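Student: So that we are looking at the same thing, I have put the structure below in structure tokens.
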Amino acid sequence: MITACAVDDLPVGESVVVPGDVAIAVFNADGEFYAIDDTCSHQDASLSEGWLEGCFVECPLHAALFDLRTGMPTCLPAKKAVRTYPVVVQDGVIYVDTGSREAVA
Amino acid sequence: MRTVAVVGASLAGLRSVEELRGQGFDGRIVVIGEEVYAPYDRPPLSKAFLAGTLPAEDLSLSDEDFGAEWHLGVRAERIDPSSSSIHLSSGEVLHTDGVVIATGGRPRTLPGTEALAGVHTLRTIDDALALQADLRPGARVVVVGAGWIGSEVASTCRSLGHDVTVVEAAPVPMERALGPVLGALCAELHADHGVDLRLGIGVESFAHNGTRVTGVVLRDGSHLPADVVVAGIGMAPATDWLHGSGLGVDNGVLCDTGCVTAIPSVVAVGDVARYRTPSGSHVRHEHWTNASEQPVVAVRNLLAGTTLETFRPSGYVWSDQYGIRLQLAGDTSGADEIAVIDGSPDDRKFVAEFRRAGLAIGVLAMNNAKLFGRLRRQLVTA
Numbered sequence: 001m002i003t004a005c006a007v008d009d010l011p012v013g014e015s016v017v018v019p020g021d022v023a024i025a026v027f028n029a030d031g032e033f034y035a036i037d038d039t040c041s042h043q044d045a046s047l048s049e050g051w052l053e054g055c056f057v058e059c060p061l062h063a064a065l066f067d068l069r070t071g072m073p074t075c076l077p078a079k080k081a082v083r084t085y086p087v088v089v090q091d092g093v094i095y096v097d098t099g100s101r102e103a104v105a
Numbered sequence: 001m002r003t004v005a006v007v008g009a010s011l012a013g014l015r016s017v018e019e020l021r022g023q024g025f026d027g028r029i030v031v032i033g034e035e036v037y038a039p040y041d042r043p044p045l046s047k048a049f050l051a052g053t054l055p056a057e058d059l060s061l062s063d064e065d066f067g068a069e070w071h072l073g074v075r076a077e078r079i080d081p082s083s084s085s086i087h088l089s090s091g092e093v094l095h096t097d098g099v100v101i102a103t104g105g106r107p108r109t110l111p112g113t114e115a116l117a118g119v120h121t122l123r124t125i126d127d128a129l130a131l132q133a134d135l136r137p138g139a140r141v142v143v144v145g146a147g148w149i150g151s152e153v154a155s156t157c158r159s160l161g162h163d164v165t166v167v168e169a170a171p172v173p174m175e176r177a178l179g180p181v182l183g184a185l186c187a188e189l190h191a192d193h194g195v196d197l198r199l200g201i202g203v204e205s206f207a208h209n210g211t212r213v214t215g216v217v218l219r220d221g222s223h224l225p226a227d228v229v230v231a232g233i234g235m236a237p238a239t240d241w242l243h244g245s246g247l248g249v250d251n252g253v254l255c256d257t258g259c260v261t262a263i264p265s266v267v268a269v270g271d272v273a274r275y276r277t278p279s280g281s282h283v284r285h286e287h288w289t290n291a292s293e294q295p296v297v298a299v300r301n302l303l304a305g306t307t308l309e310t311f312r313p314s315g316y317v318w319s320d321q322y323g324i325r326l327q328l329a330g331d332t333s334g335a336d337e338i339a340v341i342d343g344s345p346d347d348r349k350f351v352a353e354f355r356r357a358g359l360a361i362g363v364l365a366m367n368n369a370k371l372f373g374r375l376r377r378q379l380v381t382a
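As you go down the protein sequences, you meet chains A and B in turn. The opening position of the first sequence corresponds to residue 1 in UniProt numbering, with each subsequent residue numbered one higher. The opening position of the second sequence corresponds to residue 1 in UniProt numbering, with each subsequent residue numbered one higher.
Okay, here's the thing in structure tokens:
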């Protein structure tokens with residue numbers, strides 16, 4: 001479990017990057033929190049800088065669209081999914097559960 | 001419509017196949033591709049692929065065949081709309097009901113270099129492999145043209161340790177798209193990284209040893225020694241095979257606002273398509289995004305048999321040079337004002353807005369993808 005940020009610091013439509021061995025992007029999509037790999041599965045771009053619409057994020061570089069719930073790309077040029085991570089909110093703090101990384105390929 | 005032929009198997013062709021299936025076409029799709037490769041991504045050819053950091057298998061654009069018949073390594077040589085047939089280089093004649101023209105284009109070559117080894121253009125995997133093979137340690141590189149591809153090749157060659165000179169006839173790189181001030185900034189990027197940039201000067205001739213290029217002579221008489229020359233001087237749409245077809249061809253395949261040609265069962269997409277804008281002029285875009293976006297509209301209109309939808313370009317282009325990410329969107333050509341609205345060009349991180357009569361019509365970002373993404377959605381389109 002790693003700490004992302006306080007709930008108050010991630011308003012609707014915003015994102016934050018949690019640095020680490022694998023950087024993770026956490027999004028507030030209309031009040032729901034989602035965590036995915038920050039780096040696009042296509043080329044080197046930070047998905048946290050992408051355009052958020054509903055529960056999809058569009059890569060800021062080549063406009064590949066990822067479903068935040070599944071990590072699956074819905075259009076070219078991405079073909080591979082990004083990993084998703086469970087998000088836990090406790091006492092006003094957002095945590096990302098990276099322990100189950102292997103389970104959510 | 002039972003059969004659709006997609007002529008061209010790059011991004012625009014693949015996206016057309018994807019759209020045909022996505023929009024419910026369950027008939028026969030035949031794809032004709034001149035290259036032997038399945039659809040692949042071209043932008044990395046001047047960047048990571050050329051640098052050797054991205055393997056060829058990662059260029060592949062799709063793992064699916066969409067239930068289409070893929071004829072690769074085959075060229076369409078002639079189209080006869082009266083009999084709805086396409087003649088192929090294999091000798092076969094393909095009968096079809098609908099046609100998507102997605103033949104792209106060929107890079108312009110430098111006159112007088114056709115027979116010289118060491119002179120390259122860059123559009124295909126094979127072009128990139130040939131250039132890569134020529135970039136031996138210590139090879140001196142001269143790039144002719146400081147547009148997107150020329151600039152990226154210069155950047156990649158510098159990262160590989162080569163001495164690089166870039167020759168550009170215009171006073172600054174990418175003047176038409178960026179204007180003189182931001183163009184000058186791109187000139188600084190080259191200078192920052194030790195590239196010798198020669199602006200406002202043309203090429204006079206090429207020195208050679210009989211078989212191989214040895215140098216480039218400029219109009220002012222200066223001589224640039226060169227082991228490798230790369231021409232980044234634009235492309236010409238691949239329309240020669242349409243000669244005699246009755247289709248309108250003028251710097252591309254002429255089509256209406258929905259990418260439909262004079263024949264409703266023939267549409268054109270990607271670099272080869274010169275479509276009519278709502279204001280009445282014809283334009284052609286040579287960008288990845290355009291090749292990806294146009295098939296949505298073109299296929300809809302093809303399947304409908306009439307122009308139901310008008311194409312609206314996003315005009316989005318990106319470039320990676322010297323570790324800096326440039327992103328441009330909109331139509332910047334009619335701007336009467338350019339303003340830096342965030343960051344600073346000196347820091348190589350900023351966003352500039354192109355305005356006409358006070359309205360934002362274009363945006364350029366250097367290393368600021370997030371703000372760029374927001375602003376490009378707010379642009380006023382023509």
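Beta carbons are placed, not taken as given, at the ideal position from N, Cα and C, and that holds for glycine. Nothing here was measured: the structure is a model prediction, and the numbers come from that model.
1. Relative to the ligand ZN, is the shortest distance from any of its heavy atoms to the C-beta of B/T261 smaller than 6 Å?
2. Quick one: give me the first and last residue of the beta strand (DSSP E) that B/F66 is part of.
3. Exposed or buried, what is B/G145 when buried is set at 16 or more other beta-carbons lying within 10 Å of its beta-carbon?
4. When you compare only the Cα positions, how much space is there between A/V104 and A/P19?
5. Could you tell me if A/K80 is buried or exposed, where buried requires 16 or more neighbouring beta carbons within 10 angstroms of its beta carbon?
6. Can you check whether the CB of B/A268 is closer than 7 Å to the CB of B/C255?
7. Enumerate in chain order the residues of its own chain whose CB-to-CB distance from B/V17 is below 8 Å, with the five nearest sequence positions on each side excluded.
8. If we ignore side chains and look at the alpha-carbon of each, how far apart do B/P55 and B/D196 end up?
9. Across which residues does DSSP place B/F354 in a beta bridge pair?
10. Check the DSSP bridge columns for B/D80 and list the partner residues they point to.
11. Shorter than 7 Å from the beta carbon of A/P60 to some beta carbon of chain B?
12. Since I believe B/V351 is in contact with B/I341 (beta carbons under 8 Å), could you give me their beta-carbon distance rounded to a whole number of angstroms?
13. Do we get a CB-CB distance below 7 Å when we pair A/E53 with the residues of chain B?
14. Determine, for A/F14, whether the minimum Cβ-Cβ distance to residues of chain B falls below 7 Å.
15. So, at 8 Å on beta carbons, what are the nonlocal neighbours of B/R219 in its own chain, with the 5 sequence-adjacent residues on each side left out?
16. Taking 7 Å as the cut-off, decide whether the C-beta atoms of B/V213 and B/A226 are in contact.
17. To which residues does DSSP link B/G330 through a beta bridge?
18. CB B/L199 to CB B/E168, shorter than 7 Å?
19. Is any beta-carbon of chain A found at less than 7 Å from that of B/A9?
20. Since B/E309 is in the beta strand (DSSP E), which residue starts that stretch and which ends it?
21. Using 8 Å as the threshold, is the region 49 to 57 of chain A in touch with the region 66 to 82 of chain A, meaning 3 or more CB pairs across them?
22. For the alpha helix (DSSP H) that B/T49 lies in, which residues bound it at each end?
23. Please confirm if A/E49 has its CB atom under 7 Å from at least one CB of chain B.
Tutor: Inspection of the coordinates gives the following:
1. The ligand ZN is not part of the structure shown, which contains no ligands of any sort.
2. By 1-based counting over the second sequence, the position of residue 66 of chain B is 66. Looking at the DSSP string, B/F66 is not in any beta strand (DSSP E), and its letter there is neither H nor E.
3. As a working mapping, residue 145 of chain B is identified with position 145 in the second sequence. B/G145 should be labelled buried.
4. Counted from its first residue, the first sequence places residue 104 of chain A at position 104. Counted from its first residue, the first sequence places residue 19 of chain A at position 19. Legend: pLDDT at A/V104 = 46, less than 50; position of this residue unreliable, no value from coordinates given.
5. Sequence index remark: in the first sequence, residue 80 of chain A carries index 80 (1-based). By the 10 Å Cβ count, A/K80 comes out exposed.
6. Position 255 of the second sequence, counting from 1, holds the residue named residue 255 of chain B. Position 268 of the second sequence, counting from 1, holds the residue named residue 268 of chain B. Yes, they are a contact pair.
7. Here residue 17 of chain B is taken as the residue at index 17 of the second sequence, counted from 1. Excluding residues within five positions, the ones whose Cβ falls inside 8 Å are V6, I29, V31, F66, A68.
8. Here residue 55 of chain B refers to the residue found at position 55 of the second sequence. Here residue 196 of chain B refers to the residue found at position 196 of the second sequence. For B/P55 and B/D196, the distance between alpha carbons rounds to 30 Å.
9. Taking the second sequence and counting its residues from 1, the one referred to as residue 354 of chain B is at position 354. Partner(s): B/I338, B/G362.
10. Translated into the one-based positions of the second sequence, residue 80 of chain B becomes position 80. Answer is B/S85, bridged to B/D80.
11. The residue given as residue 60 of chain A occupies position 60 in the first sequence. Yes, its Cβ sits closer than 7 Å to a Cβ of chain B.
12. Looking up residue 341 of chain B in the second sequence gives position 341. Looking up residue 351 of chain B in the second sequence gives position 351. At roughly 6 Å, the Cβ-Cβ gap stays under 8 Å, so B/I341 and B/V351 are in contact.
13. Here residue 53 of chain A refers to the residue found at position 53 when the first sequence is read from its first residue. Judged by the 7 Å Cβ criterion, A/E53 is not in contact with chain B.
14. Numbered from 1 along the first sequence, position 14 holds the residue referred to as residue 14 of chain A. Reading off the sequence shown, one finds Glu at residue 14 of chain A, where the question assumed Phe. Judged by the 7 Å Cβ criterion, A/E14 is not in contact with chain B.
15. Locating residue 219 of chain B in the second sequence gives position 219, where the first residue counts as 1. Cβ neighbours of B/R219 beyond the five flanking positions: I201, G202, V203, E204.
16. Looking up residue 213 of chain B in the second sequence gives position 213. Looking up residue 226 of chain B in the second sequence gives position 226. The answer is yes: Cβ separation under 7 Å.
17. For the purposes of this step, residue 330 of chain B is taken as the residue at position 330 of the second sequence. Per DSSP, B/G362.
18. As a first step, residue 199 of chain B must be located in the second sequence, where it is residue number 199. As a first step, residue 168 of chain B must be located in the second sequence, where it is residue number 168. A contact, by the Cβ cut-off of 7 Å.
19. Counting from 1 along the second sequence, the entry for residue 9 of chain B is found at position 9. Judged by the 7 Å Cβ criterion, B/A9 is not in contact with chain A.
20. As a position in the second sequence, residue 309 of chain B is number 309, starting the count at 1. Counting along the chain, B/E309 falls outside any beta strand (DSSP E), and DSSP gives it neither H nor E.
21. yes
22. Taking the second sequence and counting its residues from 1, the one referred to as residue 49 of chain B is at position 49. It is worth fixing the name first, because residue 49 of chain B is Phe in this sequence and not Thr. B/F49 -> alpha helix (DSSP H) spans 48 to 51.
23. On the first sequence, residue 49 of chain A is found 49 positions in, with the first residue counted as 1. Taking Cβ atoms only, chain B reaches closer than 7 Å to A/E49, which makes this a yes.
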